[in-house]
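Enquirer: Chains as they are written, first to last, in my numbering: chain A, 1 to 102; chain B, 103 to 225.
For each residue, glycine too, the CB sits at the ideal point set by N, CA and C.
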């Protein structure tokens with residue numbers, strides 16, 4: 001599997017901020033990248049598949065973009081419920097995670 | 103309701119064995135690739151092992167090859183994970199997850215997860 005690397009590892013933000021998390025692949029993975037949100041004591045939740053496809057029920061403030069080797073997850077206006085850890089994933093590899101904290 | 107429920111976790115000594123079970127409801131596991139994903143305490147998420155829809159294809163991360171076995175129980179609509187020769191570093195919450203493969207040939211994500219079951223390997 002092709003490794004993916006996330007940055008930053010931690011991000012401090014305010015409610016209402018626009019937040020961007022980056023995921024980079026060591027070689028092209030086309031658009032085969034997913035994003036997850038995980039809250040404490042919960043399983044990860046799929047937010048976005050195929051780089052930009054918003055899963056059913058996920059708020060529209062979440063968006064994904066990118067292709068090839070560089071991808072981003074953007075939260076357009078951070079809400080209190082969005083403070084969590086976010087992971088990118090390609091096939092059998094997950095990124096290291098980005099903790100979004102207040 | 104579409105859901106996955108894991109069971110079988112617990113405390114086991116190094117070198118021991120444990121079998122986890124994942125019961126599916128609301129869908130048939132025969133129609134999906136199924137995976138086990140784990141998360142060590144305070145750490146990130148790691149994919150462990152998977153099985154295709156008809157049980158003919160299996161793959162796993164190198165660290166569990168030869169020790170972990172994934173299988174289906176079609177009668178119970180469940181997926182099992184037999185873990186042998188357990189090591190301290192196998193300590194984690196183990197999640198059962200359904201793979202999203204719209205085109206059929208590539209993992210696009212894990213769209214359904216169980217609540218997880220904790221496996222602790224310690225003497």
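Consult DSSP for residue 132 of chain B and reduce its assignment to one of helix, strand or coil.
Expert: On the second chain, residue 132 of chain B is found 30 positions in, with the first residue counted as 1. For residue 132 of chain B, the three-state secondary structure derived from DSSP is helix.
Enquirer: Taking all protein chains shown into account, decide if residue 204 of chain B is buried (16 or more other Cβ within 10 angstroms of its Cβ) or exposed.
Expert: One-based indexing of the second chain puts residue 204 of chain B at position 102. Classification of residue 204 of chain B: exposed, given that the 10 Å Cβ count is below 16.
Enquirer: Provide the residue(s) that pair with residue 161 of chain B in DSSP beta bridges, ordered along the chain.
Expert: The sequence position of residue 161 of chain B within the second chain is 59, counting from 1. Bridge partners of residue 161 of chain B: B/152.
Enquirer: Within 10 angstroms of its Cβ, does residue 66 of chain A collect 16 or more other Cβ (buried), or is it exposed?
Expert: Here the question's residue 66 of chain A lines up with position 66 in the first chain. It counts as buried.
Enquirer: Compute the Euclidean distance between the alpha carbons of residue 79 of chain A and residue 16 of chain A, then round it to the nearest angstrom.
Expert: Taking the first chain and counting its residues from 1, the one referred to as residue 79 of chain A is at position 79. Taking the first chain and counting its residues from 1, the one referred to as residue 16 of chain A is at position 16. Each residue's Cα considered, the two are about 6 Å apart.
Enquirer: Quick test of your reading: residue 32 of chain A and residue 195 of chain B, contact by CB under 8 Å. State the CB separation rounded to the nearest angstrom.
Expert: In the first chain, residue 32 of chain A corresponds to position 32, counting from 1. In the second chain, residue 195 of chain B corresponds to position 93, counting from 1. So it is not a contact: roughly 26 Å between Cβ atoms.
Enquirer: Residue 83 of chain A: which of A/63, A/98, A/60 sits nearest, CA to CA?
Expert: On the first chain, residue 83 of chain A is found 83 positions in, with the first residue counted as 1. Ranking the options by Cα distance to residue 83 of chain A, first place goes to A/98.
Enquirer: What does residue 217 of chain B reach in chain A if we use C-beta pairs closer than 7 Å?
Expert: Looking up residue 217 of chain B in the second chain gives position 115. Chain A residues near residue 217 of chain B: 43.
Enquirer: Is there contact here, the segment 118-130 of chain B with the segment 48-55 of chain A, by at least three beta-carbon pairs under 8 Å?
Expert: no
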